[in-house]
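In the UniProt record's numbering, the protein residues as written are 1 to 230. Note sheet for the following structure.
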C-alpha cells in the first residue's frame with residue numbers, strides 16, 4: 001500500500017490501575033507507623049512526652065507494697081470522660097465459644113487448671129454472688145504452645161468493647177515507648193565482662209492491682225463440676 005493522505009486516524013488508549021491491601025488485623029500497621037519506632041514530629045513528641053511524664057509520675061505515686069508483701073499498682077487511667085459499660089452478657093457468649101473449641105480439642109480441663117492454680121496462688125479471687133453486676137469483664141482465649149514451660153495460657157482481649165462504647169485499652173495510657181531505650185539497655189549490658197539474666201516465674205501476675213481498679217479486670221470461667229454454670 002502506498003502513502004495515505006489526510007488526517008491520521010485517532011487511537012484511543014485506556015489504562016486501569018487497581019490496588020488492594022487486605023490485612024488480618026490492624027496491628028500490622030505498626031510495621032510502618034513511625035511513632036512506634038520513636039520517629040515523630042516535634043509537636044507530637046512534646047505531647048507524647050508530657051503524657052509519658054504524667055503516667056510515670058502517677059505510677060510512682062500509686063506504687064506501694066501491700067499487706068501481702070507484693071507490689072501493688074493502679075491502672076494508668078488517661079484523662080478523659082470514659083465509661084466502661086456492663087458487658088457480662090457479651091463476655092459470656094465469648095466464653096461459650098471458647099468452651100466449645102476447648103472441648104473439641106480436649107484441652108478444656110487443662111485450661112481450667114490454669115485458673116485453679118491462679119486461684120490457689122491468690123492471683124485471682126472469687127467474686128461474691130451479690131457483687132457480680134456493675135463491672136467490666138475481659139474475654140479470654142487459650143494460646144497453646146507445645147514445648148513451652150506453660151503449654152497453655154489465657155490471653156485477654158483488652159480491646160473488646162460494647163458497640164458504641166470504649167474498650168479498656170482506650171481508657172489506659174500506654175506509658176513510655178520502651179523501644180526507644182533498647183540501644184541504651186544493650187550498651188549498659190555490654191559495659192562489664194559478665195552479663196547475668198534471670199526469669200521470674202509469672203512475673204506480671206505477681207503484681208497486685210489496686211482494689212478499686214479490680215472491677216475493670218474481671219473474668220468469667222465455668223463451674224468446676226457444672227460446665228453450664230459460669
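Positions of the beta carbon are idealized from the N, C-alpha and C atoms, including for glycine. Since we're looking at a predicted model, the values are computed, not measured.
Cβ of residue i within 8 Å of Cβ of residue j?
| i | j | result |
| --- | --- | --- |
| residue 137 | residue 220 | yes |
| residue 74 | residue 213 | yes |
| residue 91 | residue 171 | no |
| residue 76 | residue 165 | no |
| residue 114 | residue 152 | yes |
| residue 52 | residue 176 | yes |
| residue 159 | residue 55 | no |
| residue 205 | residue 123 | yes |
| residue 162 | residue 87 | yes |
| residue 62 | residue 191 | no |
Excluding sequence positions up to five away, which residues of its chain have a Cβ less than 8 Å from the Cβ of residue i?
| i | result |
| --- | --- |
| residue 65 | 71, 72 |
| residue 195 | 189 |
| residue 68 | 122, 208 |
| residue 200 | 206 |
| residue 169 | 158, 159 |
Enumerate in chain order the residues of its own chain whose CB-to-CB distance from residue i is below 6 Å, with the five nearest sequence positions on each side excluded.
| i | result |
| --- | --- |
| residue 156 | 138, 140 |
| residue 135 | 215, 218 |
| residue 98 | 141 |
Please list the terminal residues of the continuous alpha helix (DSSP H) segment that includes residue i.
| i | result |
| --- | --- |
| residue 182 | 182-189 |
| residue 196 | It is not in any alpha helix (DSSP H) - residue 196 carries neither H nor E in the DSSP assignment. |
| residue 174 | Premise fails: residue 174 is in no alpha helix (DSSP H) and is neither H nor E. |
Can you name the start and end residues of the beta strand (DSSP E) that residue i belongs to?
| i | result |
| --- | --- |
| residue 78 | It is not in any beta strand (DSSP E) - residue 78 carries neither H nor E in the DSSP assignment. |
| residue 141 | 140-144 |
| residue 153 | 152-156 |
Can you tell me whether DSSP reads residue i as helix, strand or coil?
| i | result |
| --- | --- |
| residue 160 | coil |
| residue 115 | helix |
| residue 210 | coil |
| residue 109 | helix |
| residue 52 | helix |
| residue 70 | coil |
In chain order, what residues of the same chain lie with their CB nearer than 7 Å to the CB of residue i, ignoring the 5 residues before and after it?
| i | result |
| --- | --- |
| residue 102 | 108, 111, 142 |
| residue 58 | 76 |
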